[in-house]
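Here our numbering is used: position 226 in the sequence shown is 226, and no number is missing along the way. Since the structure comes first, as structure tokens, the remarks are kept for the end.
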Amino acid sequence: MKKGSHSLIQPVILCGGSGTRLWPVSTPVKPKPFLELVGKRTLFQQALDRVADDTRFARPLVVSGAHHQPWIAEQSRSHTLIVEPVARNTAPAIALAAARLAPDTLMLVCPSDHHIPDTAGFIEAVDAAADLAANGFLVSIGVEPTRPETGYGYIERGEAIGKGHRTARFVEKPDAERAAAYLSNGKFVWNAGIFMFRAGQLLEELSQFRPEMVEHVRSSVVSGTEIAGALHPEAGHFAAIAGESIDYALMENTDNAAVITADMGWSDIGSWASLMDALEQPVGAAADLIDCKGVMVRSDGPRVSAVGLEDVIIVVEGEEVLVVARDKAQLVASLGGARGQ
């Protein structure tokens, strides 16, 4: 296998989401990527920071919805932009980026709302993924599981290849029993939603499994307009696409899937419980806790006092107050959705 002879890597940062899983702080108007949740930089800014000032990477290409444009403009000047006319999940968004790039371009696709504190570990995984992608593989970056997590999808590793493995299969979010079995098995990694492949190969293989999607994407790009340096794909063609994730549309179907296992402290910050895990200090200054254990408090103003609580998360944002048991944090999305915010 050839190694290390690839050209610049093109970061593609995906900005989307409904803003419900971290309600009431995150909303569709200002979702998770654009919030300062871990540190003084937003998750979107941290995603850009990981590929900044590094000769491996080209200028980031951001794919987002129109309602995210103000936040993107406020938080970054170092990117190019594609504005989706409507949300159609990750496969069409990634295909939009690929259609704008030279076929041999190595695309590094990253969500904008994940926390990766170990940049060196991230770069090591990217280098390993680039070697595989340069040799014709569609690569996922996975994370070694540390607990039987039911909130993540999993990837089963097959035979070793390069610094990674062929992908044996993708697995949906499991129940607790299966998650425990995956952890003890040793062949499974968490699916981090980070991918690398050549732009031309992505479109070629996606055309085998979702030809109408690729046709509509290409047409929307050709008929699109440039406004203030951002590409606005033509809405009619793009809206005709049936939304689908890149996992379902391509990665579960291709014979060329591979996975790299990364050690980078990754979290998708997909719930208040996972944010609590990522924070060094989960109790804010505006809190008085007595005889409490495993409690997180976040308040935008009012002081929170609690006595005798265990494994509870309390969030105050404006006029909204959320109190949730840590092990039920995944259910918060239904509250955010019900509020229609």
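Just so you know, even glycine gets a beta-carbon here, dropped at the ideal spot from N, CA and C.
At a cut-off of 4 residues, the continuous stretches assigned as alpha helix (DSSP H) that sit fully inside the region 220 to 305 are 235 to 239 and 272 to 278.
Under the three-state reduction of DSSP, W190 is assigned to strand.
If you ignore the 5 residues before and after I269, its C-beta comes within less than 8 Å of the C-beta of L22, K32, L37, V38, L43, D113, H114, H115, L275 and A278, all in its own chain and listed in chain order.
For S271, the closest alpha carbon among the candidates P24, S7 and G318 is that of P24. Beta-carbon to beta-carbon, A262 and A97 are separated by about 22 Å, too far to satisfy the 8 Å threshold.
Within a 10 Å sphere around the beta-carbon of A285 sit fewer than 16 other beta-carbons, which makes this residue exposed. For I72 against S78, the beta-carbon gap comes to about 11 Å, at or over 8 Å, which does not count as contact.
In the structure shown, T80 adopts extended strand secondary structure according to DSSP, grouped into three states. In the structure shown, V324 falls within a strand segment according to DSSP collapsed to helix, strand and coil. Fewer than three Cβ pairs drawn from the region 127 to 141 and the region 215 to 224 lie within less than 8 Å of each other, which leaves the two stretches out of contact. The closest CA to that of A99, considering only V315, S18, F170 and F238, is found on F238.
In the structure shown, the three-state DSSP call for T119 is helix. With fewer than 16 other Cβ atoms inside 10 Å of its own Cβ, D300 counts as exposed. If you check the CB distance, A257 and T146 do not come in under 7 Å. DSSP, reduced to helix, strand and coil, places Y154 within a strand of the structure shown. The three-state reading of DSSP puts T167 in strand, counting E and B together. With 16 or more other Cβ atoms from the protein chains shown falling within 10 Å of its own Cβ, S26 counts as buried. Contact holds between the region 202 to 209 and the region 244 to 253, because three or more Cβ pairs, one in each stretch, are under 8 Å apart. Counting only the Cα atoms, A199 lies some 16 Å from P211. If you draw a 10 Å sphere on the C-beta of S140, you find 16 or more other C-beta atoms in it, and that means buried. Looking from the CA of L101, the closest CA among L231, L331 and F122 belongs to L231. Residue burial is scored here from C-beta neighbours: R50 has at least 16 other C-beta atoms within 10 angstroms and is therefore classed as buried.
Residue environment for T55: exposed (fewer than 16 other C-beta atoms within 10 angstroms of its C-beta). Excluding residues up to 5 positions away in sequence, I241 and G243 lie with their Cβ nearer than 6 Å to the Cβ of R88 in the same chain. In the structure shown, R56 falls within a coil segment according to DSSP collapsed to helix, strand and coil. Cβ neighbours of Q69 within its own chain (closer than 7 Å, five residues either side excluded): V83.
Annotation: the continuous alpha helix (DSSP H) that includes S184 extends over A176 to N185. Rounded to the nearest whole angstrom, the CA to CA distance from V307 to C292 is 6 Å. C15 and S76 have their C-alpha atoms spaced approximately 13 Å apart. Annotated three-state conformation of R198 is strand, per DSSP.
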